[in-house]
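To start, the structure itself, in structure tokens.
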Amino acid sequence: MSLASCGDSPFLSDDEPSNSIRGTDTISTQTNELILGGLQLIPRYSATVALYENNSINIIFLNSVGELTDPEYSLHLKLWMPDHGHGSFPIEITKVQDGVYKADKIFFTMPGYWDLHLQLKDGESVVEEVLWPITL
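Given below as structure tokens:
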């Protein structure tokens, strides 16, 4: 028997799985804020999310006193559709200024439930991760 998927599956890895394969809604329903690396993380879409098109997100990191601050580790994003076992294209991240990043080339290739994995990495090792659940 062989298994195939459109992306690297967390179910087919020898590594320890993330704390959660399917995202838990850690987003405040009032402010859409997350905590990553001890910093408040505020993701904001640049425009209305569209299927099959290039979407982008501005990601803002704030410290405990509300100042723009870079995380200690490098920021990575991964788009994953857990119900179908596949992801999407690699996401490009550009630093705009201290504490502000732009994630581009975010393609939702089909409607349904998606997890946007916001990761802090030290080299190839994921130090911390939060998931932003998105349903289209």
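With my numbering as the guide, the letters of the sequence shown map in order to residues 664 to 799.
All C-beta atoms, glycine included, are put in the ideal place defined by N, C-alpha and C.
Contacts around residue i, its chain only, beta-carbon distance under 6 Å, and the 5 residues preceding and following it disregarded
i	result
Ser-751	Leu-742, Phe-770, Thr-772
Contacting residues, own chain, Cβ-Cβ under 8 Å from residue i (five flanking each side not counted)
i	result
Gly-775	Met-744, Asp-746, His-747, Thr-798, Leu-799
Leu-783	Leu-699, Gly-700, Pro-734, Glu-735, Tyr-736, Ser-737, Leu-738, His-739, Val-789, Val-790, Glu-791, Glu-792
Alpha-carbon spacing of residue i relative to residue j, whole angstroms
i	j	result
Leu-789	Gln-760	Residue 789 is actually Val in this sequence, not Leu. One C-alpha to the other measures close to 23 Å.
His-780	Leu-740	5 Å
Val-763	Leu-725	9 Å
Leu-738	Asp-778	16 Å
The beta strand (DSSP E) enclosing residue i, as first and last residue numbers
i	result
Tyr-764	763-769
Met-744	737-744
Glu-791	788-798
Asp-785	776-785
Phe-724	718-725
Neighbourhood of residue i by C-beta, 7 Å cutoff - its chain only, sequence neighbours within 5 removed
i	result
Asn-721	Arg-707, Ser-709, Val-763, Lys-765
Gly-729	none
Inter-stretch contact at 8 Å, needing at least 3 Cβ pairs: the segment 726-745 / the segment 710-718
no
With contact counted as at least three CB pairs below 8 Å, one residue from each stretch, are the segment 703-711 and the segment 751-763 in contact?
no
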